[in-house]
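Undergrad: Quick one: the structure is below, and I'll ask about it shortly.
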Amino acid sequence: MSATLPFFPPAVFDRHREMTLRAIFDVGTGPDQRFFGGDAVAELERRIAAAAGVRHAVACANATGGLALVLDAWGITAGDEVIVPAYGCQPVVDTVVEQGATPVFADVDPRTFTIDPAAVAAAVTPRTAAILPAHVFATMADMPALVDLARRHGLRVLEDAAVAQGATLAGRAAGAWGDAGVYSFSQFKPFGAIGEGGIVLTDDEPTAIRCRRLRRAGTDDDTGDGAVGRHSRMDEVLARFLSLRWAELDRRLSRKREIAAFYQHRLRPVAEAGVVTLPLIPDSEPWCHVYAIMTDRRDELRAHLAARGIGSHIYYPVTLPMQPAFAAYASGMTFPHAEAVARDNLALPVWPELSENDLAYISDSIIEFFGRHTA
Ligand SMILES: Cc1ncc(COP(=O)(O)O)c(C=O)c1O
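No gaps in the numbering here: position 279 of the sequence shown is 341 in the numbering used here, and each next residue is one more.
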């Protein structure tokens, strides 16, 4: 049966139809007839820089493009090493390899599933140029420890906050901790849009200037100066849409946080029975992008939920160093925490439109599964 409570939200744009048409109309009938690099992109950049508390925001085609722009702007190239998490999303490593640099994998923390600062410290060599932490589920990477480590070794930090827009740690926004950070606006991100988009955040003016230039073929229109660049630009309709939708962001985030709190409370009995590990979600922080439980009966539980019309999702079932594209960079190495989360995680629906009844049904279906199997 197809899921009646799918993991990914249904028809996400139904109630945004007016907004979508308005964005197209505003841009399409604007006097400038600019479809990229115009006022809507500039306005979105100002909004996001202000919200994140950084001096510069450079909109681009997607978060992958943003990571590439920053690595390029920093001159990261063959011979450099970049320390990356062993668990997570492929673009984190793709962008390093595309620069000709070497990804060096570090294991993740067993509770947050983000790169473990102790593993990073052990991976630093004289060739290390940067650390690339990524926030994944509901607890940000330990940015204070990573920034401190980077300062001590003279390294840069590129913070992949693709899925963490709206998150904070000790009051500072995700994306604002690194020397540069990125957000993604692709559909299922915290502030997804009608297409693909990303943005680079930084306080460092030279980084911002270089990213601006590199996103537009690399060459300065007026002086002809420049470097080999790329086209990684955000389109105006998408930027306009995001500005029209701006007022929704906080409410969406806080509803996801409420949903996470519901699951934490309702699933406590199965956690106390020792059959499930609930995620670590700091009370004071406003973010839960993914609510993933861990269980060694993951596949059976998933099938049980599917039979009850409940969608779930397995995030990154193959660790990054185990993927054929990257295996050569991790020969003979093991990453036990990354392997455990890849093997055991099961993410539950957290889209803001879910009702309390939906959440009770999902939670009780999980409790029922373990009740039946532990009886
Ligand atoms: C942690 C992380 N980094 C980067 C990306 C890439 O984002 P985009 O699709 O905007 O390139 C994703 C997308 O899922 C992600 O989860």
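Note that CB positions come from ideal geometry on N, CA and C, so glycine has one too.
Please read these numbers as outputs of a predicted model, since none were measured by experiment.
Would you mind reading off the limits of the beta strand (DSSP E) that contains CYS122?
TA: 118-122 is the span of the beta strand (DSSP E), which, as asked, contains CYS122.
Undergrad: Are there any heavy atoms of ligand 1 lying less than 7 Å away from the beta-carbon of THR174, as far as the coordinates show?
TA: Flag unset: Cβ of THR174 not near ligand 1.
Undergrad: Return helix, strand or coil for ASP88, following the three-state DSSP convention.
TA: Note: ASP88 maps to helix in three-state DSSP.
Undergrad: What are the start and end residues of the alpha helix (DSSP H) that includes SER305?
TA: Segment 298-306, the alpha helix (DSSP H) holding SER305.
Undergrad: Report the three-state DSSP secondary structure of LEU311 (helix, strand or coil).
TA: If DSSP states are grouped into helix, strand and coil, LEU311 belongs with the helices.
Undergrad: Is the beta carbon of LEU342 closer than 8 Å to that of THR230?
TA: No, they are not a contact pair.
Undergrad: Can PRO153 be considered in contact with ligand 1, in the sense that its beta carbon sits closer than 7 Å to one or more heavy atoms?
TA: Within the cutoff, so yes.
Undergrad: Checking 8 Å against the spacing of the C-beta atoms, do ARG277 and SER294 come in under that value?
TA: Contact: yes.
Undergrad: Within a Cβ cutoff of 7 Å, which residues of the same chain sit near GLU80, ignoring the five residues on either side of it in sequence?
TA: The answer is none, since no qualifying residue turns up.
Undergrad: Under the criterion of a Cβ to heavy atom distance below 7 Å, does ALA125 qualify as lining ligand 1?
TA: Yes; taking the cut-off as 7 Å, the Cβ of ALA125 has a heavy atom of ligand 1 nearer than that.
Undergrad: Measuring alpha carbon to alpha carbon, tell me which residue in ILE424, VAL186 and ALA392 is nearest LEU367.
TA: Comparing Cα positions, the closest option is ILE424.
Undergrad: Would you give the residue range spanned by the beta strand (DSSP E) that ARG218 belongs to?
TA: Its beta strand (DSSP E) spans residues 218-222.
Undergrad: Using only the alpha-carbon positions, how far apart do LEU382 and GLY150 sit?
TA: When rounded, the distance between both Cα atoms is 7 Å.
Undergrad: Looking only at its own chain, which residues have a Cβ that is under 8 Å from the Cβ of ALA163, when we skip the five neighbours before and after it?
TA: Answer for ALA163: LEU133, ILE138, THR139, ALA140, GLY141, ASP142, GLU143, VAL144 and ALA191, listed in chain order.
Undergrad: Can you name the residues that DSSP bridges to GLU143?
TA: BP columns for GLU143 point to THR164 and THR190.
Undergrad: Report the partner residues of PHE439 according to the DSSP bridge assignment.
TA: Given that the chain is displayed from residue 63 to residue 437, the structure contains no residue 439 and the question cannot be resolved.
Undergrad: Taking the alpha-carbon positions, what's the TYR245 to ARG434 distance?
TA: Their backbone Cα atoms lie some 42 Å apart in a straight line.
Undergrad: Is it buried or exposed for GLU258, if we count other Cβ within 10 angstroms and need 16 for buried?
TA: So GLU258 ends up on the buried side.
Undergrad: Which of helix, strand or coil does DSSP assign to VAL155?
TA: In the structure shown, VAL155 sits in a helix (DSSP, three-state: H, G or I).
Undergrad: Could you check whether the Cβ of ILE428 sits closer than 7 Å to any heavy atom belonging to ligand 3?
TA: Ligands present in the displayed structure are limited to ligand 1, and ligand 3 is not among them.
Undergrad: Return the first residue and the last residue of the beta strand (DSSP E) that LEU329 is part of.
TA: From DSSP, LEU329 is part of no beta strand (DSSP E); its letter is neither H nor E.
Undergrad: Check whether the Cβ of ASP222 lies closer than 7 Å to any heavy atom of ligand 1, and answer yes or no.
TA: True, at least one ligand heavy atom lies under 7 Å from that Cβ.
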